[in-house]
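Numbering (UniProt numbering), first residue to last: 1 to 82. Where is the CB? At the ideal position from N, CA and C, for every residue including glycine. All figures in this text were calculated on a predicted structure; none of them were measured in a lab.
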């Protein structure tokens with residue numbers, strides 16, 4: 001199931017951020033904007049979610065994914081995830 005959230009950049013709604021965090025905690029994949037487009041994200045230790053990202057991106061077997069943690073995501077993580 002897909003869900004769409006618009007989170008205001010200047011006044012982020014805690015309720016929507018908490019919903020997105022729960023999706024990731026439960027093994028979901030999220031799409032978030034970057035300065036050059038969009039990126040896919042998931043809980044890095046969730047093998048199933050990582051495999052879904054590889055399928056979505058149509059990557060070959062064995063392709064290595066590297067973590068990219070934007071400053072805004074780190075701030076959200078500190079605020080809502082401890």
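(request) Can you grab the Cα-Cα spacing for the pair residue 54 / residue 60, in whole Å? (result) Counting from one through the chain shown, the residue named residue 54 turns up at place 54. Counting from one through the chain shown, the residue named residue 60 turns up at place 60. Between residue 54 and residue 60, the C-alpha separation is close to 8 Å.
(message) Taking the straight line between their C-alpha atoms, what separation do you get for residue 24 and residue 45?
(response) Reading the chain shown from its first residue, position 24 is the one you call residue 24. Reading the chain shown from its first residue, position 45 is the one you call residue 45. Near 11 Å, if we compare the C-alpha coordinates of residue 45 and residue 24.
(request) Can you tell me which of 14, 39, 31 and 50 puts its alpha carbon nearest to the alpha carbon of residue 78? (result) In the chain shown, the residue the question calls residue 78 occupies position 78. Checking every option, the nearest Cα to that of residue 78 belongs to 14.
(request) For residue 27, count neighbouring C-beta atoms within 10 Å of its own C-beta (all shown protein chains included) and say buried if the count is 16 or more, exposed if not. (result) For the purposes of this step, residue 27 is taken as the residue at position 27 of the chain shown. By the 10 Å Cβ count, residue 27 comes out exposed.
(request) Would you check if the distance between the CB atom of residue 29 and the CB atom of residue 38 is smaller than 8 Å? (result) Here residue 29 corresponds to residue number 29 of the chain shown, with the count starting at 1. Here residue 38 corresponds to residue number 38 of the chain shown, with the count starting at 1. For residue 29 and residue 38, no; Cβs fall outside 8 Å.
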